[in-house]
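Mapping of the sequence shown onto the working numbering: residues 221 to 404, in sequence order.
Each residue gets a CB set at the ideal place from its N, CA and C atoms; glycine is no exception.
Working notes for the structure below.
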Amino acid sequence: MNFDLENIIKKCQANDRLAQNQLYEHYKGILYSISLRYMGDKMSAEDAFVEAFFKIFDKINDYQGAGSFEGWMKKITVNECLMSLRKKNNLRLAVELADWQVSESPVALEILNMEDLAHAIEELPPGYRTIFNMYEIDGFKHREIADELGISINTSKSQLILAKKRLREIIKKKQTIKLFNSKS
Numbered sequence: 221m222n223f224d225l226e227n228i229i230k231k232c233q234a235n236d237r238l239a240q241n242q243l244y245e246h247y248k249g250i251l252y253s254i255s256l257r258y259m260g261d262k263m264s265a266e267d268a269f270v271e272a273f274f275k276i277f278d279k280i281n282d283y284q285g286a287g288s289f290e291g292w293m294k295k296i297t298v299n300e301c302l303m304s305l306r307k308k309n310n311l312r313l314a315v316e317l318a319d320w321q322v323s324e325s326p327v328a329l330e331i332l333n334m335e336d337l338a339h340a341i342e343e344l345p346p347g348y349r350t351i352f353n354m355y356e357i358d359g360f361k362h363r364e365i366a367d368e369l370g371i372s373i374n375t376s377k378s379q380l381i382l383a384k385k386r387l388r389e390i391i392k393k394k395q396t397i398k399l400f401n402s403k404s
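Below is the structure:
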C-alpha cells in the first residue's frame, strides 16, 4: 500500500475515517512505544496513547505543514503522557541537589541490548523516567523540561543524575542475576 502522508492528512482533516485508520495503523507502533516509555506500564500507556490519538485527530486541522508531522504527533503523545502522569500525581520529584556529581561509566551500556535498557527504564520511578525520557531520548533541554513540568532547571538536572544512577543500579542488578543464572 502506498502511504501518501500529505493526502492522508488532508483526508483526515475532512474527517475521512479510512484515512484516519491508515494514519493510525502507520504510526501506532511509534506513538505507543513513546507512551510505554513514559508511562511504564501497558495499561497506562494504552490510555495515554488512545488519548493522544484522539487529540491528534481533534487538532489535525491546526497542523499547517510547518515542521515534521510525525514530530507534531510525537509532541502531542509526550504531552498527553505528561498530563496523565500529572493527573496521577506520579511526577513527584526529589529535592533539588545543586552540585550533585556522579561519575558515569559507559561499561554497562556497552554490553546491554536495547530491550534490556527499555525494561530497565520502565523500572524507574515515574519522575525519574519522565525526565530521563525527555532529556536522553526525546532531546529536550533542561530549560524545556523545567518549563513543561513546572520545576527548576536544577531539579531537572538533579533528577536526570539520580535517574542515571538508579538506572545503573537496575542494570547491575539484572547483569548479576543473568551471570548467576548462567552459572547455575
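Under the three-state reduction of DSSP output, Phe223 falls in the coil class, being neither helix nor strand. The closest CA to that of Ile254, considering only Cys232, Arg237, Phe352, Ile228, is found on Phe352. Listed in chain order, the non-local C-beta contacts of Glu271 below 6 Å within the same chain comprise Glu300, local neighbours out to five positions each way being set aside. Contact between Glu368 and Leu302 holds, since their C-beta atoms are separated by about 6 Å, short of 8 Å. Cα atoms of Glu266 and Gly249: separation of roughly 11 Å, rounded to the nearest angstrom. For Asn241, the enclosing alpha helix (DSSP H) has its first and last residue at 237-259.
Exclusion of the five residues before and after Lys377 leaves His362 as the residues of its chain whose Cβ lies within less than 6 Å of its Cβ.
Here DSSP, grouped into helix, strand and coil, assigns Asp367 to helix.
Note on geometry: alpha-carbon atoms of Gly285 and Lys394 lie some 45 Å from one another. Excluding sequence positions up to five before and after Tyr348, its CB lies within less than 7 Å of the CB of Gln379, Leu382, Ala383, Arg386, all in the same chain and listed in chain order. With 16 or more other Cβ atoms inside 10 Å of its own Cβ, Ser264 counts as buried. When Tyr355, Lys262, Glu342 are compared, the shortest CA-CA separation from Thr375 is found for Tyr355. The Cβ atoms of Ile280 and Gln242 lie no closer than 8 Å to each other. Around the beta-carbon of Phe273, 16 or more other beta-carbon atoms lie within 10 Å, marking it buried. Of the candidates Lys295, Ile276, Glu342, Glu342 places its Cα closest to the Cα of Leu256.
The beta carbon of Ile296 is closer than 6 Å to those of Ala272, Lys275, Ile276 in its chain, skipping five residues each way along the sequence. Leu344 counts as buried, since at least 16 other C-beta atoms from the protein chains shown sit within 10 angstroms of its C-beta. With at least 16 other beta carbons inside 10 angstroms of its own, Leu251 counts as buried.
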